[in-house]
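Worksheet: one structure, shown below.
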């Protein structure tokens, strides 16, 4: 028990002291996985104003509420049609095992949504299991090739990632096994730190030309997404639209990563809530709402989050960490031959515990999700993982449509900002909705 | 004259980009019906993305200057540019051959995985950036940051190299004949081996160049940045 006269410093608390001591001992910054742990204004700070006398609700279990979502209608001759507005975010083979990529594809296909490749190319497992697969074009161009461009359902040009806008990819050597190395054209075991800028274009005017090249290669069939990490979102979204994107993906600071410097994760970028509002403002400013679709990601967890994102103006969301947690990330057990096996010892050996683990970067994931280890990866059965993920996404989608019905909407895309209020002054200002019980929207538009 | 694959005999299909659209040209090049004819492109006038995404053993000859990404993502085809090329010529090439008879702008051969890119004149900044296995032969000089983060493949520079040549190299190897303004982080000169001389002679021959292999120096990675530790050079 702490003695009452022992006062902990607010500025140099135990976490800060531990950080300084560790830096002094190692001379290295910390690298870790997952997303920001600090509390920032988020969707929990918003509430719905459901129907009452002034609005008419739909019967929650009887009346139809559409979740159909179409992305890429601006220029592509083959837009993406999804059954739900909940997609699976880009995560690399390398960060994840091929078995996990397979599980993601199976679940997404069963639910009629898309999954996304990552920094490291397209695996045959995910292509085969994913009915709709978005192929990322990243600065590293690891494994990027025209055959996969042609067999992709959409192409996502990644400018940045919410966990590390302005930073390049990172995959430490313990995860660069022979297959990963071969796909990335790297020596086995090398600590891979990839580029933060694309090799063949440098600015928004170049991006116009790059997008047209990809359209020419795909004979204008395939939707082109542009993904930005959330910083100067208003201007970035406008530039992406100007460059010719069919879809803009905005990834807020709560977005996850397989391995990034902690200082990046916690101190660079803006919260998803603020980013979404700026992105919608940018589309409105260009009068492009509806012509260019907006996908928001970064810490989306539940149907409530999705409903709030759609009400604020997103067309769809992308989920990463929630998806991994559904597969078993941070669970105290993994499933083998139908039995739950304790992974507590493995967490302990990493110096962590279920609920706290962010050791994706080590490749020693106790539940076999973020690993390339041939033994550990067997802890995730693709069929079991796919079933769990399907259940989770189905639940999220049901929550979404339940809220939409309560707000009187026959289509989840009819949710609107007018349906929302904020619990705090900060979230009201960031989201641009009134503080609950008032008509007050603090702050102002960036336009 | 580069010693590249000869143009196949057969019917010639001509496109004039003052009359025909880029879309018509590329759509035609992507179609299966073009496998046995030579395609000539007149009046390219700096258009972007000419002959990108080719996927069969075509012979394409472009008479004039091209803009960005000419022959981008090329696979199997032979593309000859009788002029200068804009940024990203033959970017992400997988196989085949691309020959620029004039000069090339930035990022020539960026991220190319295979095939041969020959540039008779000079190449600008970041030539061979992120190279992943292709061969590039530059008859003239290259700009700064050429071969930046190049992972695999060979780059032959018959002239000089500007600053930071081979910065953050992985396994790619550079052969340079002229002066090097400076090497980039983790790049170093290494002695030429017999295998290097053989490789270099073969590449020069493929490009139709007659320089003495003994005039070239080898630049490769010192591999001190392969692993992340406190004493590593943190220049990037």
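Protein chains in written order, with my numbering: chain A, 1 to 447; chain B, 1 to 236. Heads up, the beta-carbon is just placed ideally off N, CA and C, and yes, glycines get one too. None of these values were measured; they are calculated from a predicted model.
| Check | Outcome |
| --- | --- |
| Euclidean distance between Cα positions of residue 146 (chain B) and residue 177 (chain A) | 28 Å |
| Neighbour flag for residue 173 (chain A) against chain B, beta carbons, 8 Å | yes |
| Cβ of residue 186 (chain A) within 8 Å of any chain B Cβ | yes |
| Residue span of the alpha helix (DSSP H) that contains residue 98 (chain A), given as start and end | 98-111 |
| First and last residue of the uninterrupted alpha helix (DSSP H) at residue 267 (chain A) | 262-267 |
| Bridge-paired residues (DSSP) for residue 156 (chain A) | A:136 and A:225 |
| Cβ-Cβ separation, residue 186 (chain B) to residue 224 (chain B) (assumed contact under 8 Å), whole Å | 6 Å |
| Proximity test, Cβ basis, 8 Å: residue 364 (chain A) and chain B | no |
| Buried or exposed by the 16-neighbour rule on C-beta atoms within 10 Å, applied to residue 341 (chain A) | exposed |
| Proximity of residue 194 (chain A) and residue 229 (chain A) at Cβ, strictly below 8 Å | no |
| Cβ-Cβ distance between residue 66 (chain B) and residue 90 (chain B) below 8 Å | no |
| Whole-number beta carbon distance between residue 407 (chain A) and residue 50 (chain A), since they are thought to touch under 8 Å | 5 Å |
| Cα-Cα separation, residue 233 (chain B) to residue 259 (chain A) | Here residue 233 (chain B) scores only 46 on pLDDT, less than 50, and its place in the model should not be relied on; the value that follows carries that caveat. Taking the straight line joining both Cα atoms gives about 20 Å. |
| Top-ranked residue by Cα proximity to residue 118 (chain A), from A:110, A:75 and A:94 | A:94 |
| DSSP beta-bridge partners of residue 152 (chain B) | B:132 |
| Check whether residue 328 (chain A) and residue 75 (chain A) have beta carbons under 8 Å apart | no |
| Nearest neighbour of residue 132 (chain A), chosen from A:179, A:83, A:99 and A:158 [CA to CA] | A:83 |
| Bounding residues of the beta strand (DSSP E) (the contiguous stretch that carries residue 217 (chain B)) | 217-221 |
| DSSP beta-bridge partners of residue 392 (chain A) | According to DSSP, which records beta bridges pairwise, residue 392 (chain A) is partnered with nothing at all. |
| Residue(s) in a DSSP beta bridge with residue 13 (chain B) | B:39 |
| Cβ separation of residue 318 (chain A) and residue 107 (chain A), assumed to be a contact under 8 Å, to the nearest whole Å | That belief does not hold up - the Cβ atoms of residue 318 (chain A) and residue 107 (chain A) are roughly 14 Å apart, past 8 Å. |
| Delimiting residues of the beta strand (DSSP E) encompassing residue 336 (chain A) | 333-336 |
| Simplified DSSP assignment, three categories, for residue 297 (chain A) | strand |
| For residue 97 (chain B), the residue or residues it bridges with in DSSP | B:78 and B:116 |
| Pairwise C-alpha distance: residue 334 (chain A) and residue 137 (chain A) | 33 Å |
| Contact with chain A by residue 235 (chain B), beta-carbon distance below 8 Å | Since pLDDT at residue 235 (chain B) reaches only 42, below the 50 mark, its modelled position is unreliable, and the value read off the structure follows with that caveat. Closer than 8 Å: no. |
| For residue 173 (chain B) and residue 218 (chain B), the rounded distance between their alpha carbons | 7 Å |
| C-beta neighbour in chain A for residue 107 (chain B), strict 8 Å | yes |
| Interface residues of the stretch 129-148 of chain B facing chain A [CB-CB below 7 Å] | 129, 130, 132 and 133 |
| Sheet register partners of residue 317 (chain A) (DSSP bridge) | A:86 and A:296 |
| Beta-carbon gap between residue 150 (chain A) and residue 361 (chain A) smaller than 8 Å | no |
| Meets three-Cβ-pair contact criterion under 8 Å: the stretch 408-415 of chain A and the stretch 320-327 of chain A | no |
| Chain-ordered chain A contacts of residue 52 (chain B) [CB-CB under 7 Å] | 213, 216 and 217 |
| CB contact check: residue 200 (chain A) to chain B, cutoff 8 Å | yes |
| Residue 190 (chain A) - containing beta strand (DSSP E), residue span | From DSSP, residue 190 (chain A) is part of no beta strand (DSSP E); its letter is neither H nor E. |
| Cβ separation of residue 263 (chain A) and residue 294 (chain A), assumed to be a contact under 8 Å, to the nearest whole Å | Not really, about 29 Å apart at Cβ, beyond 8 Å. |
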